Amino acid sequence: MVPADRTTQDPRRHIVVHYGELGLKGRNRPVFLHALMRNLERALSSLGEGSVEQQSGRLLLTAPESVPWGELEERLQQVFGVANFSRCWTAPHDLEAVKQAVSRALHGRSFASFRITARRAFKELPWGSQEISRILGTHVLESHATKVDLKNPELVVHVEVIPRQTLIYVEKTAGAGGLPVGTGGTLLGLLSGGLDSPVAAYRMMKRGCQVHVVHFHSYPFLDRASQRKAQTLARLLTQHQYHTKLCMVPFGEVQQRIVSAVPAPYRVVLYRRYMLRIADALAQQLGAQALVTGESLGQVASQTLSNLSVIEAVSTLPVLRPLIGMDKAEIMEQAEAIGTYATSILPDQDCCTLFVPRRPATRTTLPDIEAAEQALDTPALLQLALEGTQWITCDFPETPAYASSEAALEA
Ligand SMILES: Nc1ncnc2c1ncn2[C@@H]1O[C@H](COP(=O)(O)OP(=O)(O)OP(=O)(O)O)[C@@H](O)[C@H]1O
Numbered sequence: 001m002v003p004a005d006r007t008t009q010d011p012r013r014h015i016v017v018h019y020g021e022l023g024l025k026g027r028n029r030p031v032f033l034h035a036l037m038r039n040l041e042r043a044l045s046s047l048g049e050g051s052v053e054q055q056s057g058r059l060l061l062t063a064p065e066s067v068p069w070g071e072l073e074e075r076l077q078q079v080f081g082v083a084n085f086s087r088c089w090t091a092p093h094d095l096e097a098v099k100q101a102v103s104r105a106l107h108g109r110s111f112a113s114f115r116i117t118a119r120r121a122f123k124e125l126p127w128g129s130q131e132i133s134r135i136l137g138t139h140v141l142e143s144h145a146t147k148v149d150l151k152n153p154e155l156v157v158h159v160e161v162i163p164r165q166t167l168i169y170v171e172k173t174a175g176a177g178g179l180p181v182g183t184g185g186t187l188l189g190l191l192s193g194g195l196d197s198p199v200a201a202y203r204m205m206k207r208g209c210q211v212h213v214v215h216f217h218s219y220p221f222l223d224r225a226s227q228r229k230a231q232t233l234a235r236l237l238t239q240h241q242y243h244t245k246l247c248m249v250p251f252g253e254v255q256q257r258i259v260s261a262v263p264a265p266y267r268v269v270l271y272r273r274y275m276l277r278i279a280d281a282l283a284q285q286l287g288a289q290a291l292v293t294g295e296s297l298g299q300v301a302s303q304t305l306s307n308l309s310v311i312e313a314v315s316t317l318p319v320l321r322p323l324i325g326m327d328k329a330e331i332m333e334q335a336e337a338i339g340t341y342a343t344s345i346l347p348d349q350d351c352c353t354l355f356v357p358r359r360p361a362t363r364t365t366l367p368d369i370e371a372a373e374q375a376l377d378t379p380a381l382l383q384l385a386l387e388g389t390q391w392i393t394c395d396f397p398e399t400p401a402y403a404s405s406e407a408a409l410e411a
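Those letters in the sequence shown? Residues 1 to 411, by the UniProt record's numbering.
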């Protein structure tokens with residue numbers, strides 16, 4: 001069977017992108033559209049010369065014909081703000097040309113039944129939607145052994161008449177939904193090597209935020225496994241936002257001081273409070289407006305309501321917890337769907353497994369915890385961690401700078 005696109009003389013692939021929630025944005029819509037167009041350009045930037053153009057409530061993309069459709073599909077499915085997209089064929093406002101474009105779109109396909117769905121975003125033409133459907137329906141019946149089925153067709157031929165041309169497409173691929181990254185502000189996500197925090201970061205990216213990430217590790221007390229996982233996870237997340245800063249914070253020394261000065265049941269809450277203090281300072285440097293964690297109510301001892309409020313009391317920024325009401329099974333399902341599951345379940349020793357007490361306190365109070373912290377020199381601990389922080393930049397498509405920072409970590 002000859003692939004459909006071989007018959008066209010046009011050396012470019014055309015793609016029509018429909019956006020969902022963005023269309024409801026009223027007078028702010030241009031800002032959201034601009035961000036979506038910029039993100040689509042970035043997503044396709046390494047695939048050769050192409051273009052992204054806005055036309056009448058949809059976006060039209062071109063890419064070199066040599067790029068396999070599967071590769072384009074994979075890239076476009078990662079762009080937030082896209083409701084669906086389709087490979088399309090274009091024709092001028094001329095019915096004979098439209099018929100030819102329909103033939104090109106259907107070339108090599110066999111289907112038992114079909115329907116034409118015509119829409120006009122441009123009404124200054126003599127033919128209406130019904131007439132277009134009738135003429136093109138007859139054309140398809142003449143060229144294919146098939147029948148019309150308006151209710152349950154095997155194939156839907158979409159025809160959209162827009163001001164400068166007519167678009168024809170037959171298959172829609174669902175997009176990622178959400179809002180374009182860059183429209184919701186900047187956040188700093190606390191990224192462990194585990195299952196929950198990458199999902200939390202993803203959910204905020206889907207709402208249009210740029211999420212930089214911070215990972216706390218206990219090297220050289222523990223090996224580098226958690227750092228490698230955090231780096232792989234940051235790289236996976238970068239496919240959706242194109243640029244991520246990953247801060248690697250040495251935390252082992254801080255933990256040792258906590259262990260030596262504070263009653264064992266309080267350790268985990270104190271670890272978290274110091275993580276948030278450090279993250280808060282890094283967020284200020286990054287211009288981030290809030291922190292994000294993968295906490296979910298009741299999942300472990302540090303995630304009871306009383307402990308969560310004692311922990312967040314140290315942050316000057318809002319602490320967002322997009323997974324707070326989700327079950328572990330739901331989070332795991334999401335991790336699978338976004339491609340982080342396989343990395344998250346790789347064995348590692350998270351820094352918080354170091355010196356974990358047998359019976360962590362599940363109901364701490366702020367006065368008790370603040371009294372316990374009196375035994376610690378908090379500014380000195382923060383300085384120690386911040387001075388040792390390593391900054392890694394992840395870009396998508398990947399750059400040599402990323403490869404070199406990764407090599408440095410391996411050393
Ligand atoms: N080593 C770490 N580096 C960065 N953030 C961390 C680290 N450990 C924990 N966190 C943050 O604290 C949250 C709660 O961690 P905790 O270990 O209590 O729960 P968890 O359910 O195992 O989370 P996760 O699956 O994300 O590791 C994490 O979701 C993450 O946002």
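Cβ coordinates follow ideal geometry from the N, Cα and C atoms, glycine included. All values derive from a computational prediction rather than experimental measurement.
Quiz prompt | Member of 212, 167 and 254 whose CA lies at the smallest distance from the CA of residue 18 | solution = Numbered from 1 along the sequence shown, position 18 holds the residue referred to as residue 18. Looking at the Cα atoms, 167 is the closest of the given residues.
Quiz item: Could you give the uninterrupted runs of the alpha helix (DSSP H) lying entirely in the UniProt domain "THUMP" (70-172), keeping only those of 4 residues or more?
Solution: 95-106 and 129-143
Quiz prompt | Closest by C-alpha distance to residue 383, when choosing among 282, 178 and 194 | solution = One-based indexing of the sequence shown puts residue 383 at position 383. Nearest C-alpha to residue 383: 282.
Quiz item: If you draw a straight line from the C-alpha of residue 177 to the C-alpha of residue 21, how long is it?
Solution: The residue labelled residue 177 in the question sits at position 177 within the sequence shown. The residue labelled residue 21 in the question sits at position 21 within the sequence shown. Cα to Cα, residue 177 sits roughly 8 Å from residue 21.
Exercise. Please determine if the segment 158-167 and the segment 247-260 are in contact, where contact requires at least 3 C-beta pairs separated by less than 8 Å.
Key: no
Quiz item: Under a three-way DSSP split, which group does residue 6 fall into?
Solution: For the purposes of this step, residue 6 is taken as residue 6 along the sequence shown, with counting starting at 1. For residue 6, the pLDDT reaches just 40, beneath the cut-off of 50, and the residue's location in the model is therefore unreliable, although a value from the coordinates is still provided. Helix at residue 6.
Exercise. Can you tell me the Cβ-Cβ gap for residue 396 and residue 289, rounded? I've got them flagged as a contact below 8 Å.
Key: In the sequence shown, the residue the question calls residue 396 occupies position 396. In the sequence shown, the residue the question calls residue 289 occupies position 289. No, residue 396 and residue 289 are not in contact; Cβ-Cβ is about 23 Å, not under 8 Å.
Quiz prompt | Complete alpha helix (DSSP H) runs within the segment 215-299 (minimum length 4 residues, chain order) | solution = 225-241, 252-261 and 267-286
Self-check item: DSSP state of residue 195 mapped onto helix, strand, coil
Solution: The count along the sequence shown starts at 1 and reaches residue 195 at position 195. Residue 195 falls in the coil class under three-state DSSP.
Quiz item: DSSP state of residue 381, grouped into three classes?
Solution: Along the sequence shown, read from residue 1 onward, the residue named residue 381 stands at position 381. Reduced to three states, the DSSP call for residue 381 is helix.
Quiz item: Less than 8 Å separating the beta-carbons of residue 175 and residue 209?
Solution: Residue 175 sits at position 175 when you count from the first residue of the sequence shown. Residue 209 sits at position 209 when you count from the first residue of the sequence shown. No, the pair does not count as a contact, with Cβ atoms beyond the cut-off.
Quiz item: Going by the CB atoms, is the gap between residue 98 and residue 136 shorter than 8 Å?
Solution: On the sequence shown, residue 136 is found 136 positions in, with the first residue counted as 1. On the sequence shown, residue 98 is found 98 positions in, with the first residue counted as 1. Taking 8 Å as the Cβ cut-off, residue 136 and residue 98 qualify as a contacting pair.
Quiz item: Skipping 5 residues on each side, what residues in its chain have a beta carbon closer than 8 Å to that of residue 279?
Solution: The count along the sequence shown starts at 1 and reaches residue 279 at position 279. Only 188, 190, 214, 291 and 315 meet the Cβ criterion.
Quiz item: Where does residue 318 sit, in a helix, a strand or coil, going by DSSP?
Solution: Numbered from 1 along the sequence shown, position 318 holds the residue referred to as residue 318. Residue 318: coil per DSSP, three-state reduction.
Quiz item: Among residues of its own chain, excluding the 5 on either side of residue 192, which ones have a beta-carbon nearer than 6 Å to its beta-carbon?
Solution: The residue given as residue 192 occupies position 192 in the sequence shown. Closer than 6 Å at Cβ, skipping near neighbours: 350.
Self-check item: In DSSP terms, what residue 34 is bridged to
Solution: As a first step, residue 34 is located in the sequence shown; it is residue number 34 there, counting from the start. DSSP, once it has assigned bridges, lists no residue as partnering residue 34.
Quiz item: Using a Cβ-Cβ cut-off of 7 Å (strictly less than) and excluding sequence neighbours within five positions of residue 82, which residues of its own chain qualify?
Solution: Position 82 of the sequence shown, counting from 1, holds the residue named residue 82. For residue 82, where only same-chain residues beyond five positions count, the Cβ hits under 7 Å are 17, 19, 76, 175 and 176.
Quiz prompt | Coarse secondary structure for residue 15, derived from DSSP in three states | solution = Translated into positions along the sequence shown, residue 15 becomes position 15. Here residue 15 sits in strand by DSSP.
Practice problem: Go ahead and pull the three-state DSSP assignment for residue 395. | Solution: Along the sequence shown, read from residue 1 onward, the residue named residue 395 stands at position 395. Residue 395: strand per DSSP, three-state reduction.
Quiz item: Since residue 62 is in the beta strand (DSSP E), which residue starts that stretch and which ends it?
Solution: What you label residue 62 is simply residue 62 of the sequence shown in a count that begins at 1. Its beta strand (DSSP E) spans residues 58-64.
Quiz item: Between residue 324 and residue 295, which are expected to be in contact by the criterion C-beta below 8 Å, what is the C-beta distance as a whole number of angstroms?
Solution: One-based indexing of the sequence shown puts residue 324 at position 324. One-based indexing of the sequence shown puts residue 295 at position 295. At roughly 6 Å, the Cβ-Cβ gap stays under 8 Å, so residue 324 and residue 295 are in contact.
Quiz item: Under 7 Å from any heavy atom of ligand 1, does the C-beta of residue 352 make it?
Solution: Locating residue 352 in the sequence shown gives position 352, counting from the first residue. Checking every heavy atom of ligand 1 against the Cβ of residue 352, one is found closer than 7 Å.
Self-check item: Enclosing alpha helix (DSSP H) for residue 21 [first to last residue]
Solution: Numbered from 1 along the sequence shown, position 21 holds the residue referred to as residue 21. From DSSP, residue 21 is part of no alpha helix (DSSP H); its letter is neither H nor E.
Quiz item: From this set, 93, 328, 59 and 226, which residue's C-alpha is nearest residue 347's C-alpha?
Solution: On the sequence shown, position 347 is the one that residue 347 refers to. Considering only alpha carbons, the answer is 226.
Quiz item: What does a CB cutoff of less than 7 Å around residue 216 pick up in its chain, not counting 5 residues either side in sequence?
Solution: As a position in the sequence shown, residue 216 is number 216, starting the count at 1. These residues qualify, in order along the chain: 249, 251, 275 and 351.
Quiz item: Is the beta carbon of residue 190 within less than 7 Å of some heavy atom of ligand 1?
Solution: Translated into positions along the sequence shown, residue 190 becomes position 190. Residue 190 Cβ: within cutoff of ligand 1.
Quiz item: Roughly how many angstroms separate the alpha carbons of residue 378 and residue 254, rounded to a whole number?
Solution: Translated into the one-based positions of the sequence shown, residue 378 becomes position 378. Translated into the one-based positions of the sequence shown, residue 254 becomes position 254. Their backbone Cα atoms lie some 9 Å apart in a straight line.
Quiz item: From residue 8 to residue 104, what does the alpha carbon distance come to, in whole angstroms?
Solution: Locating residue 8 in the sequence shown gives position 8, counting from the first residue. Locating residue 104 in the sequence shown gives position 104, counting from the first residue. Summary for residue 8: the model assigns pLDDT 46, below 50, so the residue's position carries little reliability, and this model does not support an answer.
Quiz item: Do residue 195 and ligand 1 come close, with the Cβ less than 7 Å from some heavy atom?
Solution: As a first step, residue 195 is located in the sequence shown; it is residue number 195 there, counting from the start. Result yes, Cβ under 7 Å from ligand 1.
Quiz item: Going by the beta-carbon positions, is the gap between residue 129 and residue 118 smaller than 8 Å?
Solution: In the sequence shown, the residue the question calls residue 129 occupies position 129. In the sequence shown, the residue the question calls residue 118 occupies position 118. Closer than 8 Å, so yes.
Quiz item: ligand 1 heavy atoms versus the CB of residue 388: any closer than 7 Å?
Solution: Sequence index remark: in the sequence shown, residue 388 carries index 388 (1-based). For ligand 1, not one heavy atom lies less than 7 Å from the Cβ of residue 388.
Self-check item: Cβ neighbours of residue 326 in the same chain (closer than 7 Å, five flanking residues each side left out)
Solution: Residue mapping note: residue 326 aligns to position 326 of the sequence shown, counting from 1. Around residue 326: 296.
Quiz item: Using a Cβ-Cβ cut-off of 6 Å (strictly less than) and excluding sequence neighbours within five positions of residue 412, which residues of its own chain qualify?
Solution: This structure cannot speak to residue 412, because the chain is shown only from 1 to 411.
Practice problem: In angstroms with no decimal places, state the Cα-to-Cα distance between residue 61 and residue 262. | Solution: For the purposes of this step, residue 61 is identified with residue 61 of the sequence shown, where counting begins at 1. For the purposes of this step, residue 262 is identified with residue 262 of the sequence shown, where counting begins at 1. Approximately 59 Å, taken between the alpha carbons.
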